[in-house]
Every structure is written in C-alpha cells, then in structure tokens.
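**Student:** Going down the list, the protein sequences come from chains A and B.
Going by my numbering, the first residue of the first sequence is number 2, and it counts up by one from there.
Going by my numbering, the first residue of the second sequence is number 2, and it counts up by one from there.
Using N, Cα and C, we set each Cβ at its ideal position, and we do this for glycine too.
Below you will find the structure I want to go over with you.
There are 2 protein chains.
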Amino acid sequence: MKLATLRNGAPDGQLAVVSKDLKRFTQASAIAPTLQSALDQWDAVLPKLQTLSAQLNSGDIAGKPFDASMAMAPLPRAFQWIDASAYMSHLERVRSASGSKDEELQAERPIMYQGGSDTLLAAHDDVVVPSDDLAVDFEAEMAVILGPVAMGSGIEHTQDAVRLITICNDVSLRRLVADDLQGGFGFFHAKPSSSFGPVVATPDEFGEAWDGKRLGGKLQSRVNGVMLGQPRTEVDMLFNYPQLIAEAARTRSLGAGTILGSGTVANTHDEVLPIGTDGIGFSCIVEARTAEKQKTGKAVTQFLRAGDEVAIQFVAVDGSTPLGEIKQTIQIAD
Amino acid sequence: MKLATLRNGAPDGQLAVVSKDLKRFTQASAIAPTLQSALDQWDAVLPKLQTLSAQLNSGDIAGKPFDASMAMAPLPRAFQWIDASAYMSHLERVRSASGSKDEELQAERPIMYQGGSDTLLAAHDDVVVPSDDLAVDFEAEMAVILGPVAMGSGIEHTQDAVRLITICNDVSLRRLVADDLQGGFGFFHAKPSSSFGPVVATPDEFGEAWDGKRLGGKLQSRVNGVMLGQPRTEVDMLFNYPQLIAEAARTRSLGAGTILGSGTVANTHDEVLPIGTDGIGFSCIVEARTAEKQKTGKAVTQFLRAGDEVAIQFVAVDGSTPLGEIKQTIQIAD
Numbered sequence: 002m003k004l005a006t007l008r009n010g011a012p013d014g015q016l017a018v019v020s021k022d023l024k025r026f027t028q029a030s031a032i033a034p035t036l037q038s039a040l041d042q043w044d045a046v047l048p049k050l051q052t053l054s055a056q057l058n059s060g061d062i063a064g065k066p067f068d069a070s071m072a073m074a075p076l077p078r079a080f081q082w083i084d085a086s087a088y089m090s091h092l093e094r095v096r097s098a099s100g101s102k103d104e105e106l107q108a109e110r111p112i113m114y115q116g117g118s119d120t121l122l123a124a125h126d127d128v129v130v131p132s133d134d135l136a137v138d139f140e141a142e143m144a145v146i147l148g149p150v151a152m153g154s155g156i157e158h159t160q161d162a163v164r165l166i167t168i169c170n171d172v173s174l175r176r177l178v179a180d181d182l183q184g185g186f187g188f189f190h191a192k193p194s195s196s197f198g199p200v201v202a203t204p205d206e207f208g209e210a211w212d213g214k215r216l217g218g219k220l221q222s223r224v225n226g227v228m229l230g231q232p233r234t235e236v237d238m239l240f241n242y243p244q245l246i247a248e249a250a251r252t253r254s255l256g257a258g259t260i261l262g263s264g265t266v267a268n269t270h271d272e273v274l275p276i277g278t279d280g281i282g283f284s285c286i287v288e289a290r291t292a293e294k295q296k297t298g299k300a301v302t303q304f305l306r307a308g309d310e311v312a313i314q315f316v317a318v319d320g321s322t323p324l325g326e327i328k329q330t331i332q333i334a335d
Numbered sequence: 002m003k004l005a006t007l008r009n010g011a012p013d014g015q016l017a018v019v020s021k022d023l024k025r026f027t028q029a030s031a032i033a034p035t036l037q038s039a040l041d042q043w044d045a046v047l048p049k050l051q052t053l054s055a056q057l058n059s060g061d062i063a064g065k066p067f068d069a070s071m072a073m074a075p076l077p078r079a080f081q082w083i084d085a086s087a088y089m090s091h092l093e094r095v096r097s098a099s100g101s102k103d104e105e106l107q108a109e110r111p112i113m114y115q116g117g118s119d120t121l122l123a124a125h126d127d128v129v130v131p132s133d134d135l136a137v138d139f140e141a142e143m144a145v146i147l148g149p150v151a152m153g154s155g156i157e158h159t160q161d162a163v164r165l166i167t168i169c170n171d172v173s174l175r176r177l178v179a180d181d182l183q184g185g186f187g188f189f190h191a192k193p194s195s196s197f198g199p200v201v202a203t204p205d206e207f208g209e210a211w212d213g214k215r216l217g218g219k220l221q222s223r224v225n226g227v228m229l230g231q232p233r234t235e236v237d238m239l240f241n242y243p244q245l246i247a248e249a250a251r252t253r254s255l256g257a258g259t260i261l262g263s264g265t266v267a268n269t270h271d272e273v274l275p276i277g278t279d280g281i282g283f284s285c286i287v288e289a290r291t292a293e294k295q296k297t298g299k300a301v302t303q304f305l306r307a308g309d310e311v312a313i314q315f316v317a318v319d320g321s322t323p324l325g326e327i328k329q330t331i332q333i334a335d
C-alpha cells in the first residue's frame, strides 16, 4: 500500500491512497484525515486503507491522476525526526573531510541526531537556504516511519515497528557543521529542514527486498541530471533498522509517527566523479570531494548553488522506482 | 490568559482555559480542540479564548475545579523543541564538571540543541529512566511557545513570536553526556523526554515583569522538599528571547508551536548547598556538585535516585506562582 499527503491548505495536508504505479490516487481522509492520525490508530485503520488500496489498484475505484507535486512531505510536520548514520563509509569520508577530532568510528553503536521536524519539505519543494555560500549539500537517505516503541525495546520488538518506508534528502550546510559541533550541543544550523519522498509505502510493497532488517535496492542521486551516485541500500549498512530503532529507544519511548533516517547511503569503493554507468558513486557531495582529494589531491565536485537541481530515487531490484522521486532546486531566501 | 491541555485519552489531549488563580477551568475545545490547533490559527481564536478567559475569571462561567494532575504537557507532543543555553553560569559550571575539551564559552552566539518532542511529560508525570545509575539530573528552565517565524527573521520580528510562557524540567542523564558528545552528533540519549508546567500563560499575564525580552521573577527548585535553587530569571540571562528565537531561525523557519527553552536558569555566585533562605543556589544538581568541588574539594550533593521528588515553580515579583508547579518522582523503567 502506498500513501501520500496531499496539499489542502492545512498544515498537515490530507491523506490519500496512491496506486502501485504512482499514477492515480484516491482520497482517504474519510478513514483518517491525515497520515499522523492514521499512524495514531494504525491497527484500526490499516484494513480500511488496504481495502481502498486494493480497489484503487484493481480499477474498481478510478481515482484521479497523481502528480508528485501535489504531495506535501508525508508528515509535513512530525513529532520526531531522528537521523542515524548506519553506513560507515559515509562517516569515514565526512569525518576525514571535516578534520574531526574524533576519528574513532562508532562501529559498536550507531550514532544519531535529533533533526528539526516542524517544517519538513515536500519532494518537489525548493530547498531555500540563507545563502549558497554555505557549502550547500544534499544527503540521499532511506527513511522509515514507526509505530510506537517502548523505552528499552530490544530488536526482537523493534522490527515490527516499521510502518512505512520512503526516501529522504537531508539537506546539509557543510560550512556550518564545524561551528555547530564546536558549540558542543550537536547539529543545529547545519541541518535545516529535510525533504521526503512524494509517497510512503508499507514494507510488503517491496516483497523479499525487505527482509525485516534492511531494504535491498539502489538509491540514485543526480545533480543537474548527472548521476552522482547509486549505492546499494542493503550493502555496507552496518546497523540495520531494528538495531537503529532499539538504539533510538534506549532512554526514551518513541511516539507513533517517528521518522528514522538511515543516514547517507554509502558503499565502500575508491571511485571519483564522474562515475561510469555501473559505478557506485556518492549520495552527497562532500563524500565525492573527499574521495577526489584523496585520489587526485584536489576536490573538483562543487557544492550546490542557486538553481542547481538534486534528484533522488530508490530503484528496486526489478528496475522500478516504487517510491517516486525527490526533485528539488536550490534557492536563496529573499 | 492561561491555558492547559487536559487528559482525554487522545494523544494531544483537549484545550482548556484555566483561571488566573489556577483553581478552576473551562473546556475550550469548541474554540480549538487542542493547543496546537489554537496555535495554528492563533489570530482567529485568540479573541474567543480571551472572552472565555474573562468570563471564567469574572465568575460568569463557574468552571470546574482545576488540578495540575489533570494536565498533560501543554503540547504533549510538539513539532519542535529547541533548548537553548542563555545563562552562562550554567554553561561554565557544567563544562567545568564534564571536562569538556571546548572550554571556550559561546558568549557571542547562543548555543542550542534539538530535543526530542514526541513524548513530552506532564507536570506531575513520573520521570521514568532506564536506570538511576546514570547520574539522573533535572534542569529547571523557562520555556516559550512560539508562533510561526520566517527564516532569517531579525530580533525586531522575533519579539512578537512569543505566544505563551511556561516552566520546564529538562531531564538529563549526565553519565551519557560524554558518550553522546563523543559521537559528534550532539545530545541524544542524555536528553530523554522533557517535562513542562501544568499551564501556559500569555505574556500579558506577567505585567511589567515581561518586558518583551526577558521575564522577571525567580525559578525555585526543590529536591525532596529541600530548596536547591531560586535564581532570578532575568538576571545573568546573556541572550534574551528575541535573540534566541532569531538564532534558532538562522537557517530554517520555525513552525507555530515551536517550544524554545531558556536553558538552565543560573545566576553567578559562589555558594554551595545547602543555601540559606535568601541564597540563590542552582537549577540542576551538576552545578551544585561543581560548586562544591571547587569550594570544598568534594561534591556532596547526590544525583537523583528512584523515589526522589523534584519540584519546580516560577515565583513572580509579588510572591505568587502563576505557572503552577512541576512535581515529579524519579522511577526506574520496568
């Protein structure tokens, strides 16, 4: 089942069921007005939403044409956005780039940060930044949306917490990272509003590619139409989703509708840009720059500037793109 | 005007207007079902809520008896919880205690972190922690709840963003702080769910004590009935609310209902515990321990253990306690 949040002028939008091929939708607000309200009473509404989805997919309900630009972020504002860092290659490259004092990798326990979640961006929203002189970067990630998780839940319980899956662009202002970290309180200004895919899908949509722990496929990132990366999402993911969720719930319970990001998807390799058609590449620019610097002595790939376009899509094993596309243009605030 | 969120079984509770003396309430859910919904359409609902408040305070509406234990957190789950650190004495003492590598104080720009906001605690909820061997501490703070703030708003615009004021207990697990900071992503496990006062009040409730920038009064903290601190809230507050809000909005807009904490209220002095009746003391235990260690060579005050009770109240210039009391007992999770 695929769901979207459609613009209706209200801050949380309205819930819609989207067809498997992302071409049609039908409103679901009679079942639950918003995605958050559906997540609040998931067991009660799931069968009704599934029935509606089956009717839409079979053609019993004609529906209306779906266009990704109609969608807000699945949760336009969420009560919790936790971004983890499950792919070690990303951490290695980024830390090398920023000259972090703490070079020791967190290979024993995943690290994660609280992101701001009151103004999440839609898949086709512009990314508005205060200036493009801040080393504007994207980070292509997978994200899961959770049901409630009790404090101290072990991984035997957290696997069932994954309700929905989507893609994410964790916009990052690299020039502000050092400043944020120097303050000692963690990321803040360097991590403005993140963006999410036009639809969310239940795990069963992915068949065997979702094994309850990881999702198999590729996450492709393009900048101005040129492929920057297409790492596999199930490869080099040191911590899987049940482990990430259990870690997030160590000292607190997680409310229904918590969004958990995988961290920038990254595979280990020593390529530089441009990558060939079967290259792996990178899910953010700073990794490409680090690899370039290490291999050739000079970082060539530029950070994003006003007018640049970033596109991100998840490509399933069969070549389909079941979660649609994030496609955003960088803009400077007035 | 004072508002509260009453328990009704729903995750966001229901909105009520509370009398000035905190003794009576009347439901306001016909005007706005929840506090968040009121904040979403503040200009439209404010006059109606004010009329209801005037009727309740005059006795035209009898209302029902209000008890702080009926209240959930004002926003039981919020889309944004930002905790700043506006009082430098707190930072100085805490950093000295934790042996932070970064001793340089952020005197030029306030530092702040994103807190988890999906499971905020009520004023009289137990504070449930995974273990009381984690150096469990409280932090007594003031907090403001905001209307929408555009990215890059200057302090000339952010002053008007303060809609409501309340008190806060930013529960901290000191033993996990170093671990969180070592990861390089900032606070996470060390800062579980924060707690908020039983009511919120509009700034006009405080008369001249609210000058649009700071709120004058004392914030009293007691542990097991013994006064630990009563620093003045307007003294030694290096960054005022409009400055904190502008800083929070540097690279993002802030949604309606953003909660912004002042940071642990602290005044400069060299007392140790116990403080005399007119002493200033501390709004958290780690500060008391640092002061003790510096003055006597030994930290005496103990961190919180299961069964310990923390009580926090804001005392106005006239001796009244217009925001009620946070009163919580530490409990260990099952």
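Is DSSP giving M113 of chain B helix, strand or coil here?
**Tutor:** M113 of chain B falls in the strand class under three-state DSSP.
**Student:** Using a Cβ-Cβ distance cut-off of 9 Å, determine whether S118 of chain A contacts chain B.
**Tutor:** By this cut-off, S118 of chain A is an interface position.
**Student:** Please work out which residues of its chain come closer than 8 Å, Cβ to Cβ, to K219 of chain A, disregarding the five sequence neighbours upstream and downstream, and give them in chain order.
**Tutor:** Here the set comprises Q231, P232, R233, T234, F315, V316.
**Student:** Taking Cβ-Cβ distances below 7 Å as the criterion, which residues of the segment 245-266 of chain A are in contact with chain B?
**Tutor:** R251, T252, R253, S254, L255, G256, T259
**Student:** Report yes or no: is there a C-beta of chain B within less than 9 Å of the C-beta of Q332 of chain A?
**Tutor:** no
**Student:** Starting from the Cα of I333 of chain B, find the closest Cα among B:T203, B:G308, B:G64 and give me that residue.
**Tutor:** B:G308
**Student:** Using three-state DSSP, classify L182 of chain B as helix, strand or coil.
**Tutor:** Helix, per DSSP.
**Student:** With 9 Å as the threshold, decide whether the Cβ of Q15 of chain A is near any Cβ in chain B.
**Tutor:** No, no contact with chain B.
**Student:** If you measure beta-carbon to beta-carbon, which residues of the segment 172-205 of chain B are closer than 9 Å to chain A?
**Tutor:** L174, L177, D180, D181, L182, Q183, G184, G185, F186, G187, F188, F189, H190, A191, K192, P193, S194
**Student:** Please tell me whether D41 of chain B has its Cβ less than 9 Å away from any Cβ of chain A.
**Tutor:** Taking 9 Å as the threshold, the shortest C-beta distance from D41 of chain B to chain A falls below it.
**Student:** So which residues on chain B does R114 of chain A lean against when the C-beta distance must stay under 8 Å?
**Tutor:** The sequence shown places Tyr at residue 114 of chain A, not Arg. The contacting residues are Q115, F186, G187, F189.
**Student:** Can you tell which of B:L135, B:H91, B:M143 has its C-alpha closest to the C-alpha of K192 of chain B?
**Tutor:** The shortest Cα separation from K192 of chain B among B:L135, B:H91, B:M143 belongs to B:L135.
**Student:** Any beta carbon from chain A within less than 9 Å of I83 of chain B's own beta carbon?
**Tutor:** yes
**Student:** Taking contact to mean at least 3 C-beta pairs separated by less than 8 Å, is the segment 66-85 of chain A in contact with the segment 198-206 of chain A?
**Tutor:** yes
**Student:** Can you tell me whether Q244 of chain A is buried or exposed, with buried defined as 16 or more other CB within 10 angstroms of its CB?
**Tutor:** Residue burial annotation: Q244 of chain A is buried, with at least 16 other C-beta atoms found within 10 angstroms of its C-beta.
**Student:** Take H270 of chain A and list the residues in its own chain whose beta-carbon comes closer than 6 Å to its own, dropping the five residues that flank it on each side.
**Tutor:** I281
**Student:** Residues of chain C with a CB under 9 Å from the CB of A79 of chain B: which are they?
**Tutor:** In summary, chain C is missing from the structure at hand, where the protein chains are A and B.
**Student:** Evaluate V287 of chain B with the Cβ neighbour count: other Cβ atoms within 10 Å of its Cβ, from every protein chain shown; 16 or more gives buried, anything less gives exposed.
**Tutor:** Burial is judged here by how many other beta carbons sit within 10 angstroms of a residue's own beta carbon; V287 of chain B has at least 16 and is buried.
**Student:** Can you find a CB in chain A that lies within less than 9 Å of the CB of V311 of chain B?
**Tutor:** no
**Student:** Using a 10 Å radius around the Cβ and a threshold of 16 neighbouring Cβ atoms, would you call T265 of chain A buried or exposed?
**Tutor:** buried
**Student:** Could you pull the start and end residues of the beta strand (DSSP E) that A249 of chain B belongs to?
**Tutor:** It is not in any beta strand (DSSP E) - A249 of chain B instead sits in the alpha helix (DSSP H) that spans 242-249.
**Student:** Are the Cβ atoms of L261 of chain B and I83 of chain B separated by less than 9 Å?
**Tutor:** It is a contact, given that the beta carbons lie within the stated cut-off.
**Student:** Just the chain B side, please: which residues come within less than 9 Å of M89 of chain A by C-beta, in chain order?
**Tutor:** The premise fails here: M89 of chain A is roughly 13 Å from chain B at the closest Cβ pair, so nothing lies under 9 Å.
**Student:** What is the C-beta distance between Q336 of chain A and H125 of chain A, in whole angstroms, given that I count them as a contact (C-beta under 8 Å)?
**Tutor:** The question about residue 336 of chain A has no answer, for chain A in this structure spans 2 to 335.
**Student:** Between the C-alpha atoms of S196 of chain B and I146 of chain B, what's the straight-line distance to the nearest angstrom?
**Tutor:** 14 Å
**Student:** In angstroms with no decimal places, state the Cα-to-Cα distance between D44 of chain B and T35 of chain B.
**Tutor:** 15 Å
**Student:** Which residues mark the beginning and the end of the beta strand (DSSP E) in which L222 of chain A is found?
**Tutor:** The sequence shown places Ser at residue 222 of chain A, rather than the Leu named in the question. Run containing S222 of chain A: 219-224, per the beta strand (DSSP E) assignment.
**Student:** Just verifying my parser: in three-state terms, what is the DSSP assignment at Q42 of chain B?
**Tutor:** Looking at Q42 of chain B - three-state DSSP - the assignment turns out to be coil, as it is neither helix nor strand.
**Student:** Among residues of its own chain, excluding the 5 on either side of E310 of chain A, which ones have a beta-carbon nearer than 6 Å to its beta-carbon?
**Tutor:** Within the same chain, Cβ atoms closer than 6 Å to the Cβ of E310 of chain A are found at N225, T330, the five residues on either side in sequence being excluded.
**Student:** Less than 9 Å between CB atoms is the rule here; does V287 of chain A satisfy it with respect to chain B?
**Tutor:** no
**Student:** What is the C-beta distance between L229 of chain A and F283 of chain A, in whole angstroms, given that I count them as a contact (C-beta under 8 Å)?
**Tutor:** 6 Å
**Student:** Within 10 angstroms of the Cβ of V19 of chain A, are there 16 or more other Cβ atoms? Answer buried if so, exposed if not.
**Tutor:** buried
**Student:** Look at the alpha carbon of K102 of chain A and the alpha carbon of L76 of chain B, and state the distance between them as a whole number of angstroms.
**Tutor:** The predicted model places K102 of chain A with a pLDDT of 42, which falls under 50 and marks its position as unreliable, so this point remains unresolved.
**Student:** Going by Cα to Cα distance, which pick from B:R306, B:Y242, B:S30, B:P323 is closest to G155 of chain B?
**Tutor:** B:Y242
**Student:** Mind listing which residues of the segment 135-155 of chain A have their C-beta closer than 7 Å to chain B's C-betas, in chain order?
**Tutor:** M152, G153
**Student:** Give me the Cβ distance between A87 of chain B and I313 of chain B, rounded to the nearest whole Å; I'm assuming they're in contact under 8 Å.
**Tutor:** About 17 Å separates the two Cβ atoms, so there is no contact after all.
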